[in-house]
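Chains as they are written, first to last, in our numbering: chain A, -9 to 466; chain B, 57 to 117.
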């Protein structure tokens, strides 16, 4: 074997080994440790090089404080054998996050809370002589209704005089997209789907309205930041003595970011169907009947995970979650998702996760090797999927043939509660008003035959005082 | 003095320098706030006792 062949072969063996160890494909960037899955349980290996930091995190009481404040996921130290024993210091078993979601799926309020959580952790860490070494939005997840840090290995020792190493990442992952959403256009959160390490500061600076130059937080952290990046690209930075960048300066920086984030606000207006239930065409009796059926069927199936697709502000998600299921309540409309999130917080609902999702183009797998961030469908299947008042948007607005709609739902849900909205319904008529009706198969019979290929139809109930039909189906 | 160990993420030179500037400016404010008690005493103002609330703060509610 040539040296090259040997190297390739060793690399191939290592790759294989990594896979057999169950190391998660998104967990490779930080040499302090990694996540791995064994027997369906998620563990985190802490490497020897991180021993001192981990010990400080625990012994300083910082870990307990953060867990108590609901800012960090808790973990237990496990007796499990390490995945890579040469490097291993300890194995911990973190609390399982019920559903992994990504910043491009969050509403404005969710991203803002994730930002404030990060800054709050940094403040507490500084008190314990530690500092966050990264500020990635992907390290924050929603657990029991709260934005929490899930990466226990994100802490390093704080050395006075040392600037915040995660500052740029914080601006890219949080401040820039929040400013763009609040002050330019709410849909610009989708830039996070393109730029996996956050919105480039120069792009944010270019897109933001010029009035933001009169906002101190945005002037300094975005506009001047962009200019400095351009001017000093590739320049070696000499460290500053502690007197210039003391702890007070660090606290000033964090407080400044906190205030810049808090000043940003976005109120959900009547976009798309933010006020859908006020303009809908069906009666209270029909609405109540739908709620009753969803509740009954969820009670029968007893799902652990429900995906409510096209959930609007989550009325039916809450009914489906009454038995304790964790419900992903997704919608395409940022206003509806924001309303849903605000309501979730005010009612302290721990089993609901509002998400922003365009079902005609759901989140793909992105990042390194297309494996870092999972696609939406890849995070399923759900025990029960809800598709209420949705099928006409997919089949008519988006021209997806009904058999393909059925194929997609069969991929993502073991059970399906789906509403058929006939052509005679005024909502469907609205969709057809300015276009040719090229949907001869969009009938109750056509719908049932398309779905029978993939599902057993368990129930079909005419919704009271409407022409709509609600189905309960089970995947074949 | 060096930044030891070097971070695993590249903080970016421009980003480092701009935060030095911002932090120095805002750090002054923090310093003034921290010594506000002493300053007010000079002017004969009785300082209010302020609890260290950071540990009890519940952000991102």
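Glycine included, C-beta positions come from ideal geometry on N, C-alpha and C.
*Quick one: what's got a C-beta closer than 7 Å to residue 134 (chain A)'s C-beta in the same chain, skipping five residues either side?*
Here residue 134 (chain A) refers to the residue found at position 144 of the first chain. Same-chain partners within the cutoff: 340.
_Below 8 Å on the Cβ atoms is my contact criterion, and I expect residue 314 (chain A) with residue 349 (chain A) to pass it. Report the Cβ-Cβ distance as a whole number of Å._
For the purposes of this step, residue 314 (chain A) is identified with residue 324 of the first chain, where counting begins at 1. For the purposes of this step, residue 349 (chain A) is identified with residue 359 of the first chain, where counting begins at 1. Contact doesn't hold; Cβ gap of about 26 Å is too wide.
*Could you tell me whether the Cβ of residue 94 (chain B) comes closer than 9 Å to any Cβ of chain A?*
On the second chain, residue 94 (chain B) is found 38 positions in, with the first residue counted as 1. It does not: the Cβ of residue 94 (chain B) has no partner Cβ on chain A nearer than 9 Å.
*At a cut of 8 Å, does the segment 146 to 163 of chain A reach the segment 70 to 87 of chain A through at least three beta carbon pairs?*
no
*Return the CA-CA distance between residue 221 (chain A) and residue 193 (chain A), expressed in angstroms with no decimal places.*
Along the first chain, read from residue 1 onward, the residue named residue 221 (chain A) stands at position 231. Along the first chain, read from residue 1 onward, the residue named residue 193 (chain A) stands at position 203. When rounded, the distance between both Cα atoms is 15 Å.
_Taking only three categories from DSSP, how would you classify residue 109 (chain A)?_
Indexing the first chain from 1 puts residue 109 (chain A) at position 119. Residue 109 (chain A) falls in the helix class under three-state DSSP.
*Tell me, please, whether the CB atom of residue 100 (chain B) is closer than 9 Å to any CB atom in chain A?*
Your numbering for residue 100 (chain B) matches position 44 in the second chain. Closer than 9 Å: no.
_Through-space distance from residue 158 (chain A) to residue 143 (chain A), alpha-carbon basis_ = Translated into the one-based positions of the first chain, residue 143 (chain A) becomes position 153. Translated into the one-based positions of the first chain, residue 158 (chain A) becomes position 168. Each residue's Cα considered, the two are about 19 Å apart.
*Indicate whether residue 404 (chain A) and residue 364 (chain A) have their beta-carbon atoms separated by less than 9 Å.*
As a working mapping, residue 404 (chain A) is identified with position 414 in the first chain. As a working mapping, residue 364 (chain A) is identified with position 374 in the first chain. The answer is no: Cβ separation not under 9 Å.
*Nonlocal neighbours in the same chain, by C-beta distance under 6 Å from residue 377 (chain A), ignoring five residues either side*: In the first chain, residue 377 (chain A) corresponds to position 387, counting from 1. Closer than 6 Å at the Cβ level, and outside the excluded window around residue 377 (chain A), lie 299 and 408.
*Look at the alpha carbon of residue 171 (chain A) and the alpha carbon of residue 450 (chain A), and state the distance between them as a whole number of angstroms.*
For the purposes of this step, residue 171 (chain A) is identified with residue 181 of the first chain, where counting begins at 1. For the purposes of this step, residue 450 (chain A) is identified with residue 460 of the first chain, where counting begins at 1. Spanning the two alpha carbons is a distance of roughly 42 Å.
*When every heavy atom of the ligand MG is checked, does at least one fall within less than 8 Å of the C-beta of residue 138 (chain A)?*
Here there are no bound small molecules, and the ligand MG is not part of this structure.
*Cβ distance (whole Å) where residue 101 (chain A) is taken to contact residue 112 (chain A) below 8 Å*: Position 111 of the first chain holds residue 101 (chain A). Position 122 of the first chain holds residue 112 (chain A). About 17 Å separates the two Cβ atoms, so there is no contact after all.
*Roughly how many angstroms separate the alpha carbons of residue 83 (chain B) and residue 247 (chain A), rounded to a whole number?*
For this step, residue 83 (chain B) is matched to residue 27 along the second chain. For this step, residue 247 (chain A) is matched to residue 257 along the first chain. Between residue 83 (chain B) and residue 247 (chain A), the C-alpha separation is close to 12 Å.
*asked:* Run through chain B and tell me which residues come within less than 9 Å of residue 235 (chain A), C-beta to C-beta.
replied: Counting from 1 along the first chain, the entry for residue 235 (chain A) is found at position 245. In chain order: 75, 76, 79, 80 and 83.
*Alpha carbon to alpha carbon, how far is residue 421 (chain A) from residue 344 (chain A)?*
Working through the first chain from its first residue, we reach residue 421 (chain A) at position 431. Working through the first chain from its first residue, we reach residue 344 (chain A) at position 354. Looking at the two C-alpha atoms, the distance is approximately 26 Å.
_In whole angstroms, give me the CA-to-CA distance for residue 440 (chain A) and residue 390 (chain A)._
Numbered from 1 along the first chain, position 450 holds the residue referred to as residue 440 (chain A). Numbered from 1 along the first chain, position 400 holds the residue referred to as residue 390 (chain A). If you take the alpha carbons of residue 440 (chain A) and residue 390 (chain A), they lie about 12 Å apart.
*asked:* Along the chain, where does the beta strand (DSSP E) containing residue 393 (chain A) start, and where does it finish?
replied: For the purposes of this step, residue 393 (chain A) is identified with residue 403 of the first chain, where counting begins at 1. Where residue 393 (chain A) is concerned, there is no enclosing beta strand (DSSP E), although the alpha helix (DSSP H) it sits in stretches over 392 to 402.
*Establish whether the CB of residue 146 (chain A) and some CB of chain B are separated by less than 9 Å.*
Numbered from its first residue, the first chain carries residue 146 (chain A) at position 156. True, the Cβ-Cβ gap to chain B drops below 9 Å.
*asked:* Is the beta carbon of residue 252 (chain A) closer than 9 Å to that of residue 106 (chain A)?
replied: Mapped onto the first chain, residue 106 (chain A) falls at position 116. Mapped onto the first chain, residue 252 (chain A) falls at position 262. Cβ distance < 9 Å, so residue 106 (chain A) and residue 252 (chain A) count as in contact.
*Mind listing which residues of the segment 160 to 186 of chain A have their C-beta closer than 8 Å to chain B's C-betas, in chain order?*
Of all residues in the segment 160 to 186 of chain A, 161 have a Cβ within less than 8 Å of some Cβ in chain B.
*Measure the Cβ-Cβ separation of residue 103 (chain A) and residue 124 (chain A) and say whether it is below 9 Å.*
Translated into the one-based positions of the first chain, residue 103 (chain A) becomes position 113. Translated into the one-based positions of the first chain, residue 124 (chain A) becomes position 134. Going by C-beta atoms, residue 103 (chain A) is not nearer than 9 Å to residue 124 (chain A).
_Inter-stretch contact at 8 Å, needing at least 3 Cβ pairs: the segment 383 to 403 of chain A / the segment 350 to 369 of chain A_ = yes
*Compare the C-beta of residue 222 (chain A) against all C-beta atoms of chain B and say whether one is closer than 9 Å.*
The sequence position of residue 222 (chain A) within the first chain is 232, counting from 1. So yes, residue 222 (chain A) belongs to the interface.
*So which of A:323, A:324, A:325 and A:331 has the shortest CA-CA distance to residue 317 (chain A)?*
Residue mapping note: residue 317 (chain A) aligns to position 327 of the first chain, counting from 1. Taking only the C-alpha atoms, the option nearest residue 317 (chain A) is A:331.
*Buried or exposed: where does residue 297 (chain A) fall if 16 or more other Cβ atoms within 10 Å of its Cβ makes it buried?*
On the first chain, position 307 is the one that residue 297 (chain A) refers to. Burial call: buried.
*Residues in the segment 276 to 290 of chain A having any Cβ partner in chain B nearer than 7 Å*: Against chain B - using a Cβ distance shorter than 7 Å - the segment 276 to 290 of chain A contributes no residues.
*Count the C-beta pairs between the segment 90 to 98 of chain B and the segment 178 to 196 of chain A that are closer than 8 Å, then say yes if the count reaches three, no if not.*
no
_Do residue 445 (chain A) and residue 392 (chain A) count as a contact pair if the criterion is CB distance below 9 Å?_
Here residue 392 (chain A) is taken as the residue at index 402 of the first chain, counted from 1. Here residue 445 (chain A) is taken as the residue at index 455 of the first chain, counted from 1. No, Cβ-Cβ distance for residue 392 (chain A) and residue 445 (chain A) is not below 9 Å.
*asked:* Can you tell me whether residue 426 (chain A) is buried or exposed? The criterion is at least 16 other CB atoms within 10 Å of its CB, across all chains shown.
replied: Taking the first residue of the first chain as 1, we reach residue 426 (chain A) at position 436. So residue 426 (chain A) counts as exposed.
*Might you give, ordered along the chain, the residues of its own chain that have their beta carbon closer than 7 Å to the beta carbon of residue 424 (chain A), omitting 5 neighbours on each side?*
As a first step, residue 424 (chain A) must be located in the first chain, where it is residue number 434. Excluding sequence neighbours, residue 424 (chain A) sits near nothing in its chain.
_In whole angstroms, give me the CA-to-CA distance for residue 211 (chain A) and residue 63 (chain B)._
If you number the first chain from 1, residue 211 (chain A) lands on position 221. If you number the second chain from 1, residue 63 (chain B) lands on position 7. If I take the Cα positions, the gap works out to 21 Å.
*Start and end of the beta strand (DSSP E) containing residue 245 (chain A)?*
The sequence position of residue 245 (chain A) within the first chain is 255, counting from 1. Unbroken run through residue 245 (chain A) is the alpha helix (DSSP H), 237 to 253; no beta strand (DSSP E).
*Name the DSSP beta bridge partners of residue 363 (chain A), please?*
What you label residue 363 (chain A) is simply residue 373 of the first chain in a count that begins at 1. A:356, per the DSSP bridge assignment.
_Give me the chain B residues within the contact set of residue 242 (chain A), using Cβ-Cβ distance strictly less than 9 Å, ordered along the chain._
Numbered from 1 along the first chain, position 252 holds the residue referred to as residue 242 (chain A). Under the 9 Å cutoff, chain B gives 78, 79, 80, 81, 82, 83, 84, 85, 86 and 87.
*Under a three-way DSSP split, which group does residue 333 (chain A) fall into?*
As a working mapping, residue 333 (chain A) is identified with position 343 in the first chain. Helix at residue 333 (chain A).
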